[in-house]
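J.: Structure in structure tokens, see below.
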Amino acid sequence: MARTLGGSANPRTPIIGGNWKMHTDLATACQLASEVRNRTGALRSVEVVVFPPFPLLHPVAERLRESRVAVGAQDLHPAPKGAFTSAVSASMLTSVGAQWVLVGHSERRQVFGDNDAAVAEKLRVALNAGLRPVLCIGETLQEREAGRTFEVLARQLDTALQQLTAPALASLVLADEPVWAIGTGKVATPAQAQEAHAYIRQHVAGSHGQAFASAVRIQYGGSVKGDNAAGLLQQPDIDGALVGGASLDAEDFAAICRARAGG
Ligand code: PEP
């Protein structure tokens, strides 16, 4: 269904991502991948991506080969190779079938200490490697309560995007993920999420031009489930969802995909 933005048709294909975080194992990841493929394969008007843990990327990619469900990684290291014990490079990811990568997820920022500069570097490396990045941004509860939401979003966008031109960012997807809504069951209201997304689009119009801003897809993330997805996904500046907990249940995840695909 085409929506209108300032009078013109909205060409943005909705995109739903499933971030499996540090969940599943070989058997359950393969089963989940098959179930997601079976339940979402017929949906033509929505793009679907799953983000398994590193060791499960290849088997999941094999399961999803020839399907409409793409595979992405949850992080990457910016170096091409070297003495970085435990780290995973962009070329390793593409070699095992990853097409997408999450960059700057709040758990990377908060638990592993990825700062804005590290996120910017990872984004640049991902793009150079041909990986399609999902850049995650979002404010903490403290920042929201202090009235600093837009300031935080602007800072995270600017530091990540400032060295990159609009053409270089053609494959970028943004994910607005208020930290207070991730894994907490506290979902932003459709109005709260729309307000943040409209701000993000306006901000990137200022930095990278109106054409880029009108085309870039902005996902909402934070406790999205089958029963709250429709209200969020109907908003004019919400182009999909990044889903954590509910993506581990193939039927709940498929319900979110259907909510945006229109049934
Ligand atoms: C996430 O991990 O990006 C996320 C949004 O998690 P949840 O849906 O569990 O809040």
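Okay, so the sequence shown: first residue is 6 according to our numbering, each after it adds one.
Just so you know, even glycine gets a beta-carbon here, dropped at the ideal spot from N, CA and C.
Nothing here was measured: the structure is a model prediction, and the numbers come from that model.
(1) Could you tell me whether any non-hydrogen atom of ligand 3 is closer than 7 Å to the CB of Ala186?
(2) Confirm the yes/no value for this check: CB of Ser96, any heavy atom of ligand 1, distance under 7 Å.
(3) Which residues in the same chain have their Cβ closer than 6 Å to the Cβ of Ala92, if we skip the five residues on either side of it in sequence?
(4) Compute the minimum distance between the beta carbon of Val116 and the heavy atoms of ligand 1, and state whether it is under 7 Å.
(5) How is the alpha helix (DSSP H) around Asn120 delimited, first residue to last?
(6) Where do the N-terminal and C-terminal ends of the beta strand (DSSP E) with Gln224 fall, by residue?
(7) Kindly list the residues whose CB is nearer than 7 Å to the CB of Phe155, restricted to its own chain and excluding five residues on each side of it in sequence; keep chain order.
(8) Just the Cα atoms here: how many angstroms apart are Ser163 and Gly211?
(9) Alpha carbon to alpha carbon, how far is Asp257 from Val41?
(10) In whole angstroms, what is the alpha-carbon distance linking Glu148 and Glu71?
(11) Do Gly143 and Asp181 have their beta-carbon atoms positioned less than 8 Å apart in this structure?
(12) Would you mind sorting Phe217 into buried or exposed? The rule is 16 or more other CB atoms within 10 Å of its CB.
(13) For ligand 1, any of its heavy atoms closer than 7 Å to the Cβ of Glu182?
T.: Per the coordinate set shown:
(1) The model depicted lacks ligand 3 and carries ligand 1 instead.
(2) For the purposes of this step, residue 96 is taken as residue 91 along the sequence shown, with counting starting at 1. Not so, every heavy atom of ligand 1 lies at least 7 Å from the Cβ.
(3) For the purposes of this step, residue 92 is taken as the residue at position 87 of the sequence shown. Result list for Ala92: His82, in chain order.
(4) Start at 1 with the first residue of the sequence shown, and residue 116 comes out as number 111. Flag unset: Cβ of Val116 not near ligand 1.
(5) On the sequence shown, position 115 is the one that residue 120 refers to. No alpha helix (DSSP H) holds Asn120; DSSP gives it neither H nor E.
(6) Walking along the sequence shown from the start, residue 224 turns up at place 219. Run containing Gln224: Arg222 to Gly226, per the beta strand (DSSP E) assignment.
(7) By one-based count along the sequence shown, residue 155 stands at place 150. Counting only residues of its own chain and dropping the five nearest sequence neighbours on each side, Phe155 has a CB closer than 7 Å to the CB of Tyr204.
(8) One-based indexing of the sequence shown puts residue 163 at position 158. One-based indexing of the sequence shown puts residue 211 at position 206. The amino acid at residue 163 is misidentified as Ser; the sequence shows Asp. Taking the straight line joining both Cα atoms gives about 11 Å.
(9) One-based indexing of the sequence shown puts residue 257 at position 252. One-based indexing of the sequence shown puts residue 41 at position 36. Spanning the two alpha carbons is a distance of roughly 10 Å.
(10) On the sequence shown, position 143 is the one that residue 148 refers to. On the sequence shown, position 66 is the one that residue 71 refers to. About 43 Å.
(11) Along the sequence shown, one-based indexing puts residue 181 at 176. Along the sequence shown, one-based indexing puts residue 143 at 138. Judged by beta-carbon spacing, Gly143 lies within the 8 Å limit of Asp181, meaning their Cβ atoms are closer than that value.
(12) The count along the sequence shown starts at 1 and reaches residue 217 at position 212. When all chains shown are included, Phe217 counts as buried.
(13) Residue 182 sits at position 177 when you count from the first residue of the sequence shown. Glu182 Cβ: within cutoff of ligand 1.
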